[in-house]
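1087 is the number that my numbering gives to position 749 of the sequence shown; each next residue is one higher, with no gaps.
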Amino acid sequence: MGGLFGRDEECGRLRDVLAHACKGMSGVLVLRGAPGAGKSALLDHVEALAATQEFEVMRFDAVESEAELGFAALHQLLRPYVAQLEQLPPPQRDALARVLGLQEQTSAPDRFLVALAALGLLAARPGTRPLLCLVDDAHWLDQESAEALSFVARRLYADSVAMVFAVRDALDGRDRFAGLPTLSVPSLPLESATLLLEAVTSGAVDSDVCARIVASTGGNPLALIEAARELSTDQLKGQAPLPEPVPVGQALERTYLREVLMLPPQTRTLLLVAAADATGDPNVLWRAATRLGFDANAAAAAEERNLLTIRNRVGFRHPLIRSAVYYGVPLAQRARVHSVLAAVAEDLGAPDLRAWHLSAAATDPDETVALELERAAERSLAGGGWAAGSTLLARAAALSAPGTTRARRLLGAAEAGAVSGLPGRAQDLLDEAAVYRDDRHYNGLVQRVQARVHRLTGDPAAATLALLAAARDLGATDTRLARDVLVEALVQAQISGSLAPRGATRRAVAEAARALRLPSVVTPTTGDAVLDADTALHLEGLKAAAPKLRHAVAVVRTEEPVAPEFFQWLAAACSHATMLGDDNTLHELAWRMEAEARHQGAVIPMALALSHTAAAEMIAGRLAECERQFDQRAALEEARGSEFHLGALLVAAWRGQSDLADQLSERVTQQAARTGQGYQLIFRDYARCVLALGEGRYQEAYTALAGRIDDSLQVKFALADVVEAAVRSGKDDEARALLARLTDLADAAPVPGTRGDLARARALLAAGDPETHYQEAIARHESARGPARRARSHQVYGEWLRRERRTKEARHHLRVAHELFDGMGAYAFAARTAQELSAAGDPVESHHEPDHRSDLTPQEARVAHLAAGGATNAEIASQLFLSVHTVDYHLRKVFRKLGIRSRRDLAERRDPHLM
């Protein structure tokens, strides 16, 4: 066990992690335990073991004082691999280069892109040796580095990389490594603790004494070792009484402090400088030495007592020693050392570090220091260090005199905390900032940040209410900003959908916008066009709003992708196109959004774009492309530690996979309730309608959507289907009401798809001869995008012809419909059509889903889809947020499972599930 007592299970798990990496796979383990449980010893053990197996090893020991330095850990860990940056896709390369200080900070990099780049950089490292990445005291990692490394650990699969993190139990309720393989490191049992004590003391320990020590320390290895060092030989042998209590916990820290106080003054000063310096850089230590009057000889006494080591970095034997040194001296001494370190930072050209040390040296409000901190925060925020920026602004506020400047800094700290993904911290700062309520404009800004916190905690309805409150307060002094806030409220209300409570609906936002008209002297923006269109839709109805909806879409079309709100406007335009039933415009805008988001590496817009492109392809009946887009959305959410089942549900419904659709429907329902994302429920109901309609369950199909239909319906492309379900269920009056809506829709956006839908619906309700309408539907749908609408019109027309006993004509149209459905992979509709053909005396064999589908894992299926479509491994890796090695591994498994040898074989299968 390499000197580790009672750690057989832990060492075994660590050997397994290394073994996976040696075999070309990846392994991850989070060691979790109390301070002193032996986590660092386990890291030392696996590091030594890796050295015998020719691993490349990189290790980072985090310290509390570095927790506020954005991307600090990532910078040190990735520094050896910067030569491989050019191998990354440009958006990832540029984001990581800015973080590593290799490129000018023109804008804050997307943290998700940085994490993806870190994954790519580790996968692209030179050589063939496996890599072991060790992070000790990972709970002290800065927020940005922790997020990136957690992402890398989740996405590693076949990269010859092993990662081991040592963390304490969550200090603040947040678990940065949730979902990763975890092993608790418990206290030692009596037998193992006895062996450890005997090893430390080089002799036998009385059994009663050992039991007392173990009971007092709880079997904590560090406490056992330190307690044993404090006891005399006679005490250990039971020949002298033990102190009461045995020194542990805070007493142990006092023990360290007593040891420090016995050292020479120069050595104590050196230790205090080391404890106060966040960089651990020996150069900083020796520069401070010239100002504080100690030299290298001062380090000897500390190193002899094993309190710290000075190598490439300055490190304490244990964090408790650092804490004892730092807090064991008067505030005045700490302030003096920080003042010196501030001067050293200035000499080294490190203004942010200088500001931090000046703030630590300040004991009273100091506007000069506060201003330096604020400037440091601005630099940190520009580089994407939101958590660090939040801390710097909070400290600046603490050094500010009460008043508006302090309030502004607190609000900025709260906002940065929210952006960094720390809702608890952001809320605490916001509560402090909200004390200042002297003017409505400031209160409005507070509410806007409050909405950010609500979004972070997954409460879009509360975010909408906060934004509406913000708009009311801001409207008194800044109508322009207030209306911009209402556009944000519109987005949140749309997310809430049917789950939005009263006062937080899209209609509520529309009423607020109508009450907050833009002054004539203010030039309207694209956001105003979007807001006005949505306001008209909810307050005046589709017929009156249609010109404004078309205008908003036209204005967005002309926008260049430079405005911060560009993606927000583009997403709104996609929504407006959907509400107009204009699938051509939806397709155009959605794919533009996808291309621009991919070019910029914008993650959240990419998620929205993938949903819109998938919806456009689903409407067209291009289910394979639809599934590819939804697969990428699911992969993106998975990479972000979330989930997305709606896309799989919609595809399963169109494919006629009843059991799978039922399971996914329940998951979507649960996720919507958990996250407040009510918009998912209308698409869930659409999926239920499609599934029931394909299987000929018309009453169920009608019930699924009938109660959802209004002017703001996001699935207006389903209106003709609901008309059919109503007619087949004997609900002619309801069908006529739906036909009136469809007529208005076709007038608002007379595109071939909607005009054809209208003709088909009219045929279904025609009192006399419906044939002209059916033929019009088919003719118009010949010009519509994709095969779906054309197939449905041929199907319904063929069914009518068969009932009219015009069998020969019926067979032709049913055959066309069956071939189209079968080619789409819409197997329920194909089976329904096959039944009609059989009844018409022309039986066909209906295609069923291939058996091999279930053999592929979800990730293998995603890789297969993209590879079959011609994507390279690098392109697949980028789209699924994996490494190239992992894509190659999955693709080889796909070939083996499907019995094929090449990408050409994969493409030639023409399987809708893989194409």
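Each residue gets a CB set at the ideal place from its N, CA and C atoms; glycine is no exception.
Collapsed DSSP secondary structure at residue i in the structure displayed
i, result
"residue 1087", "coil"
"residue 336", "Residue 336 is absent from the model: the chain starts at 339 and stops at 1253."
"residue 648", "strand"
"residue 1188", "Only weak support exists for where residue 1188 lies, its pLDDT of 45 falling under 50; the coordinates are left without a value."
"residue 500", "strand"
"residue 473", "strand"
"residue 364", "strand"
"residue 370", "strand"
"residue 859", "coil"
"residue 543", "coil"
"residue 1053", "coil"
"residue 1238", "coil"
"residue 1060", "helix"
"residue 914", "helix"
"residue 847", "helix"
"residue 1134", "helix"
"residue 552", "helix"
"residue 900", "coil"
"residue 505", "strand"
Distance between beta carbons of residue j and residue i, contact taken as under 8 Å
i, j, result
"residue 493", "residue 457", "5 Å"
"residue 732", "residue 751", "4 Å"
"residue 1164", "residue 1032", "7 Å"
"residue 652", "residue 610", "The pair is not a contact, with the Cβ atoms about 12 Å apart (cut-off 8 Å)."
"residue 605", "residue 553", "Contact doesn't hold; Cβ gap of about 35 Å is too wide."
"residue 1225", "residue 1201", "6 Å"
"residue 820", "residue 812", "4 Å"
"residue 1043", "residue 1017", "Contact doesn't hold; Cβ gap of about 15 Å is too wide."
"residue 1111", "residue 1105", "12 Å between Cβ atoms; not a contact."
"residue 692", "residue 700", "No, residue 692 and residue 700 are not in contact; Cβ-Cβ is about 13 Å, not under 8 Å."
"residue 526", "residue 344", "5 Å"
"residue 1166", "residue 1156", "Not quite, the Cβ-Cβ distance comes to about 12 Å (not below 8 Å), so this is no contact."
Start-to-end residues for the alpha helix (DSSP H) that takes in residue i
i, result
"residue 674", "669 to 685"
"residue 526", "From DSSP, residue 526 is part of no alpha helix (DSSP H); its letter is neither H nor E."
"residue 659", "657 to 665"
"residue 629", "620 to 630"
"residue 738", "Taken as a continuous stretch (DSSP letters only), residue 738 belongs to no alpha helix (DSSP H), as it is neither H nor E."
"residue 944", "941 to 958"
"residue 888", "880 to 895"
"residue 298", "Any property of residue 298 remains undetermined from this structure, which presents the chain solely from 339 to 1253."
"residue 690", "689 to 699"
"residue 854", "Residue 854 -> no alpha helix (DSSP H), and no H or E assigned at all."
"residue 1040", "1036 to 1044"
"residue 1116", "1109 to 1119"
Where the beta strand (DSSP E) through residue i begins and ends
i, result
"residue 1195", "Counting along the chain, residue 1195 falls outside any beta strand (DSSP E), and DSSP gives it neither H nor E."
"residue 654", "652 to 654"
"residue 396", "394 to 399"
Minimum C-alpha distance to residue i - residue among the options
i, options, result
"residue 715", "702, 701, 394, 735", "735"
"residue 490", "746, 541, 365", "365"
"residue 362", "395, 461, 441", "461"
"residue 1128", "1151, 1141, 1139, 1145", "1151"
"residue 1009", "872, 804, 797, 1060", "797"
"residue 873", "909, 825, 835", "825"
"residue 916", "899, 934, 884", "884"
"residue 563", "546, 464, 594, 579", "594"
"residue 1177", "1197, 949, 1146, 1157", "1146"
"residue 931", "918, 911, 921", "911"
"residue 1220", "860, 970, 679", "970"
"residue 908", "935, 1096, 498", "935"
"residue 599", "659, 580, 1058", "659"
"residue 436", "763, 1170, 717, 352", "717"
"residue 337", "539, 1228, 1217, 421", "Absent from the model: residue 337. The displayed extent of the chain is 339 to 1253, so no value can be given."
Check: residue i C-beta below 7 Å from any heavy atom of the ligand ATP
i, result
"residue 771", "The ligand content of the structure shown is nil, which means the ligand ATP is not present either."
Can we say the stretch 878 to 891 touches the stretch 824 to 844, given the rule of at least three CB pairs closer than 8 Å?
no
Could you check whether the stretch 619 to 630 touches the stretch 415 to 433, counting it as contact only if at least three pairs of C-beta atoms, one from each stretch, sit closer than 8 Å?
no
Touching by the beta-carbon criterion (3+ pairs, under 8 Å), the stretch 1133 to 1146 and the stretch 994 to 1008:
no
Touching by the beta-carbon criterion (3+ pairs, under 8 Å), the stretch 1034 to 1051 and the stretch 938 to 951:
no
Could you say if the stretch 797 to 808 and the stretch 1011 to 1021 meet the contact criterion of at least three C-beta pairs nearer than 8 Å?
yes
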